[in-house]
Amino acid sequence: MKANLLLVTATFLFLACNKVPEDKATLEKAPIYFRDVPSDSSGIDFSNDLEDTGDLNIIEYLYYYNGGGVAIGDINNDGLEDVYLTANQKPDRLYLNLGGLKFKDISGEAGLLMDTSWSTGATMTDVNNDGFLDIYVCRVGNYKSLKSQNVLYLNNGDATFKEVAKEYGLNFSGFSTQAAFFDYDNDGDQDMYLLNHSVHTTRSYGNISLRQEKDSLSGDRFYENKLDEGKPLFLDVTDNSGIYSSALGYGLAISVSDINNDGLLDVYVGNDFHENDYLYINQGDKTFRESVSEYFNHTSRFTMGVDIADVNNDLLPDVFSLDMMPFEAQIFMRSGGEDSDKVSLIKKGFGFEDQYARNTFQLNTGRGYFADVTLLTNTHATDWSWSPLIQDFDNDGHNDIFITNGIYKRPNDLDYINYLSNIDFSKYQQEEQNEIESKLIAQIPTVNIPNVIFRNTGNLTFERLSETSGLNASYSNGAAYSDLDNDGDLDLVVNNINQKASLLENTSKRNEDNNYVSVKLKGNQEYMSPYGSKVLVFSGEDRYVKELMTVKGFQSSSTHKLHFGLGTNTAIDSIQIHWLDGKIQSETGLGINMEHVIRRKSNLPDTPKKELEEATDYEFFNFVHLENNYLDYERERLIPEKLSTEGPALVKADFNGDGLEDLFIGGAKYQSPSLYFGNNDGTFSEDKNTSLRKDVIYEDVDAVAFDIENDGDLDLYVMSGGNELVEGNPNLEDRIYVNDGKGTFERLNIPLIKTNGGSVSAADFDGDGYEDLFIGNRSVPGGYGLSPVSYILKNDGTGKFVVLQQERIGMVTDSEWADLNADGLLDLVIVGDWMPVTVLINQGGSQLLNETQKMGLENTNGMWNTVSVTDLDNNGQPDLLVGNAGLNFKIKASIERPMKLYIDDFDENQQPDPIIFYDFFGKYVPFASKDKLTEQLPYLKKKFLSYTKFSKIEGIEDLTGKKEEEIMETKRIQELRSMVYLNPGENIKAVPLPMPAQMSSIQDFFISEDGSIYYVGNFKGHTNELGQNIENPGGILQMDSNRNLIHKRSLELPKGSDSRKIAPISQNKLLILTNNDRSYILKGN
65 MKANLLLVTA TFLFLACNKV PEDKATLEKA PIYFRDVPSD SSGIDFSNDL
115 EDTGDLNIIE YLYYYNGGGV AIGDINNDGL EDVYLTANQK PDRLYLNLGG
165 LKFKDISGEA GLLMDTSWST GATMTDVNND GFLDIYVCRV GNYKSLKSQN
215 VLYLNNGDAT FKEVAKEYGL NFSGFSTQAA FFDYDNDGDQ DMYLLNHSVH
265 TTRSYGNISL RQEKDSLSGD RFYENKLDEG KPLFLDVTDN SGIYSSALGY
315 GLAISVSDIN NDGLLDVYVG NDFHENDYLY INQGDKTFRE SVSEYFNHTS
365 RFTMGVDIAD VNNDLLPDVF SLDMMPFEAQ IFMRSGGEDS DKVSLIKKGF
415 GFEDQYARNT FQLNTGRGYF ADVTLLTNTH ATDWSWSPLI QDFDNDGHND
465 IFITNGIYKR PNDLDYINYL SNIDFSKYQQ EEQNEIESKL IAQIPTVNIP
515 NVIFRNTGNL TFERLSETSG LNASYSNGAA YSDLDNDGDL DLVVNNINQK
565 ASLLENTSKR NEDNNYVSVK LKGNQEYMSP YGSKVLVFSG EDRYVKELMT
615 VKGFQSSSTH KLHFGLGTNT AIDSIQIHWL DGKIQSETGL GINMEHVIRR
665 KSNLPDTPKK ELEEATDYEF FNFVHLENNY LDYERERLIP EKLSTEGPAL
715 VKADFNGDGL EDLFIGGAKY QSPSLYFGNN DGTFSEDKNT SLRKDVIYED
765 VDAVAFDIEN DGDLDLYVMS GGNELVEGNP NLEDRIYVND GKGTFERLNI
815 PLIKTNGGSV SAADFDGDGY EDLFIGNRSV PGGYGLSPVS YILKNDGTGK
865 FVVLQQERIG MVTDSEWADL NADGLLDLVI VGDWMPVTVL INQGGSQLLN
915 ETQKMGLENT NGMWNTVSVT DLDNNGQPDL LVGNAGLNFK IKASIERPMK
965 LYIDDFDENQ QPDPIIFYDF FGKYVPFASK DKLTEQLPYL KKKFLSYTKF
1015 SKIEGIEDLT GKKEEEIMET KRIQELRSMV YLNPGENIKA VPLPMPAQMS
1065 SIQDFFISED GSIYYVGNFK GHTNELGQNI ENPGGILQMD SNRNLIHKRS
1115 LELPKGSDSR KIAPISQNKL LILTNNDRSY ILKGN
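Below, the structure written as structure tokens:
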């Protein structure tokens, strides 16, 4: 029985948090505020209490603390919505709403089963279209002492119910979590998706081929309602539906929505552990197609709850899922977190998609895929979280996000796991095992925390609220919302473990200017069910959309009315209902601040069929970059990013003197560079005989065309890179290729720099008629954080170069020559990692001085990728357009709270150790885990014998014993936003790029003749702890007359493409080069 104990606990790597609230009397109430109505006032005297038994506890059943659910609906059609609460070891309860937030327990008289079966999710819906809400309850059965089955309470029309699950074919017995009822075939009755979870067995571990093995207890089920054929029966159509029904699915979350706006309802399933979430796209033929990898770059790793709604008012459904990342530093540091990079690769080899142990906020791009902006919005960490509910709780016209969190015992505590791993249960008898289990459970940390609400303030910004919103510390699970007192705002019911359920009355500060409207839909004989309908509200310039789907969050279902906050709008122009069968109905003349019951009319017109956007038919350029497979972190355990994937290089120039621009594209290691000659028709022909192809051993990270011997044709300087070799290795040597004037190149046989290159740029900075070079190097291979030597090389006019200046200026990624101070001399702008936007001012051709501070750029240390010098505001002065990592990044940094990199030989083994600290919700924490740090620095094992002691670290001295001023080198990052610096110098103005451009890293810019700013980006080289930064492959910006940057549109590039270079190749076509992928041609404006 205990054989799987270690497996269960070791894989139960969840995250947790603990924060002691301030005295509420001292806290000013937030704009969204809830009053916890006492149970002796409300009449909801319910507590989901748990008591461990020998075969039922957190060790024996891994979902022991998942708690109960909430279902809300008007069971007696009196206009007041009632409440159903599920219990795990006690009878469920049904509370009749008497008005004024007073409730009566009618469980017994209503005919509920008063047993103590393990109930989980609950749903109120009208399964037989008789106008009365029925109740379906999921239970755990056929497991240990639990022998129950799911129940269906059919409403008799008089507030009593009859249990009919067996008669209706819905008496499943197994690991049921929640049921979602919806009309999947648009025939007017509601079908049912039954979400089931798993427990750890050999059937739930392996590659994705296990999805095809049906499981009798764990696999999800799909049932078709045969009511349209006159049969009160649900038929199991799982095998033909296209859904998975295996033990690989640890289903904890489900939400239904028309994801792709085709008039058919789709299903999002959130899975725990290693299995991906599922997105089932309705095919319109009674089947679904699992499509999560087509729509999302990644999902949450331990998905607990999910809701789907329009968060940013663009009329598109967004997806918010919950995980368990803590936001309190000490809990974060002693809890299990992300997979290691090695484990992540193994999972990919098994066929699983990327997953991260944090919340996801999947923003619908409208281009057939979603972009996760949870890091951008700082909504990624809410501790051990269960139920997300997206609704407008303050009626300001913006949907907020309420989240329940907390778990009674936290089995992800790493000290507890270490302690557990030393116990061999096979040595003990059953009674002794039970006793040991009790002692182990007592060791698991127990901390309760308040729930969270993110108040939406617009433009993808959110205010995090807990205690100031009246939310008390709790162990909360299922939750649902409804305007229970019909006063115009949404209240909450929350199911807690070992404490009374919470009835949270919305008492938010009344903004007299904020208004609302509530809509209740009713079908007719032509189409009975209103569920799945979309309602659009038009008010002034604002538009709002909501779908009538009640199952959302975790194990719960919410109100059957649609609530719209209208903000300061004082009238409704119209309301439009899109019924699920394709009919459309418009209503006008409706008042605000009231509820409207809208009944379906007869003889409605069909909704105009929207032509679905077909997959983009990309135009490809004949070059595929093939990155070599090198895992930087196996050599350097503490690094945050790979430095071995910097290409491809691109040069556009007329190499053969025919007046047409040609292309040089650098290859990765073991890939030849390519040379393409331009043709008169705008196409390009590859020169497959060029001698450039001989140099296959090098990684080409940058290149520049320049005239080395001043003979009138363009030669090539190609910079080599890579992080797997050591500085000085011949395979890191840069190369110069001399052009014969006809596009035939020969390598110049001279010794050049041998390190990991970053950027090369050419210009005649001293005005002697010969082009000089800046050689900016990326890193010292094997020594992350150390600045390599970069060089300014002066061309002496004979084809030879002399070193004018050399300096360890930083980890260079890009550079550009330009006259920044209007003195007629070319200056140099340099950017890179852990360095500011650096400006070297030309002193007359003999020297360049670092005047970064004088230019107002001293506090701009970032993770810069690219720089372009241009006059964006048309005032005659050059501006700096700079691409950075962006704000959709797990690490946060500012001037006040910079990210810090400490480099020293801490363990005195003659190797530098890069240790990063960053601000984690107000406290500094090390970027590397205790395990990684002790691998790199073994002496730390004795210093930190426990994760609890390690979690108390707040700085480098706590960790290493060295004071900050004693450390060999310290670097900082203060800025992660991509920026425009207008008019560098005394009048500098720093302008962040618009929010969409901050959704990912920016790798390159192109400014068109009309002033449009094209950018491309994404980066897949971060370690798994940070996650891939790939939520925006590119877009177009414009500066308006007020010097405001406007986001015009996104570029039509594939989801997640790792775009590195953009350049025009004809009057209206752009070339996009990607790392380790194909190359694309896009049309310009």
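Mapping of the sequence shown onto my numbering: residues 65 to 1149, in sequence order.
Virtual Cβ for every residue (Gly too), placed ideally from N, Cα, C.
Every value quoted in this text rests on a predicted model; they were computed, and no experiment measured them.
Residue i, buried or exposed, once every other Cβ within 10 Å from all chains shown has been counted against 16
{"i": "L409", "result": "exposed"}
{"i": "L1009", "result": "exposed"}
{"i": "A1061", "result": "buried"}
{"i": "K806", "result": "exposed"}
{"i": "N657", "result": "exposed"}
{"i": "G776", "result": "exposed"}
{"i": "R842", "result": "buried"}
{"i": "R474", "result": "buried"}
Close beta carbons around residue i, own chain, < 6 Å, minus the five adjacent residues each side
{"i": "D87", "result": "A caution first: D87 carries a pLDDT of 49, below 50, which makes its placement in the model too unreliable to give a value."}
{"i": "T902", "result": "I894 and T916"}
{"i": "V301", "result": "F286 and E288"}
{"i": "L274", "result": "S310 and L312"}
{"i": "W450", "result": "M368, G369, T468, N541 and F618"}
{"i": "D190", "result": "L197"}
{"i": "V782", "result": "D764, A767 and R799"}
{"i": "Y308", "result": "R275"}
Straight-line Cα distance separating residue j from residue i
{"i": "L79", "j": "G470", "result": "Note that L79 scores a pLDDT of 32, beneath 50, so its modelled location is shaky and nothing firm can be said."}
{"i": "I856", "j": "D836", "result": "8 Å"}
{"i": "P509", "j": "K987", "result": "22 Å"}
{"i": "L1001", "j": "D696", "result": "18 Å"}
{"i": "S1072", "j": "Y1078", "result": "8 Å"}
{"i": "R1124", "j": "K1084", "result": "11 Å"}
{"i": "D253", "j": "N193", "result": "7 Å"}
{"i": "V370", "j": "G195", "result": "28 Å"}
{"i": "K706", "j": "G746", "result": "36 Å"}
{"i": "N859", "j": "A767", "result": "17 Å"}
{"i": "G1148", "j": "I1129", "result": "10 Å"}
{"i": "V946", "j": "S932", "result": "7 Å"}
{"i": "P85", "j": "R528", "result": "Here P85 scores only 44 on pLDDT, less than 50, and its place in the model should not be relied on; the value that follows carries that caveat. Going from the Cα of P85 to the Cα of R528 covers about 14 Å."}
{"i": "E496", "j": "D322", "result": "53 Å"}
Residue from the options with nearest C-alpha to residue i
{"i": "S755", "options": "L796, N803, L440 and D891", "result": "N803"}
{"i": "T930", "options": "V893, K956, M919 and Y966", "result": "V893"}
{"i": "P102", "options": "T1034, K752, L630 and L568", "result": "L568"}
{"i": "K226", "options": "G175, N214, N206 and Q254", "result": "G175"}
{"i": "D1068", "options": "L1134, T1034 and I323", "result": "L1134"}
{"i": "D460", "options": "I761, L630 and P390", "result": "L630"}
{"i": "N340", "options": "D330, G348, K411 and R811", "result": "K411"}
{"i": "D1022", "options": "V1044, N423 and V989", "result": "V989"}
{"i": "D251", "options": "E659, L904 and Y591", "result": "Y591"}
{"i": "I1110", "options": "L1117, L1101 and E1039", "result": "L1101"}
{"i": "H261", "options": "F748, F366 and V583", "result": "F366"}
{"i": "A826", "options": "D547, G143 and D891", "result": "D891"}
{"i": "L850", "options": "T117, K1035, G238 and N743", "result": "K1035"}
Contact set for residue i: own chain, Cβ-Cβ below 7 Å, skip 5 residues either direction
{"i": "T1012", "result": "R398 and D479"}
{"i": "E1033", "result": "I967"}
{"i": "N220", "result": "K226"}
{"i": "L299", "result": "G233, Y287, E288 and K290"}
{"i": "F236", "result": "Q213, N214, L258 and R285"}
{"i": "Y1003", "result": "D971"}
Contacting residues, own chain, Cβ-Cβ under 8 Å from residue i (five flanking each side not counted)
{"i": "P594", "result": "L585, K586, G587, L612, W643 and R664"}
Q | Whole runs of the beta strand (DSSP E) within the region 442 to 472, excluding any shorter than 3 residues | A | 449 to 455 and 464 to 469
**Q.** Length-filtered (3 minimum) beta strand (DSSP E) runs lying within the region 577 to 660
**A.** 579 to 586, 598 to 603, 606 to 611, 626 to 631, 638 to 642 and 648 to 651
Q: Taking only runs that begin and end inside the region 834 to 860, name each unbroken beta strand (DSSP E) of 3 or more residues, in chain order.
A: 836 to 843 and 854 to 859
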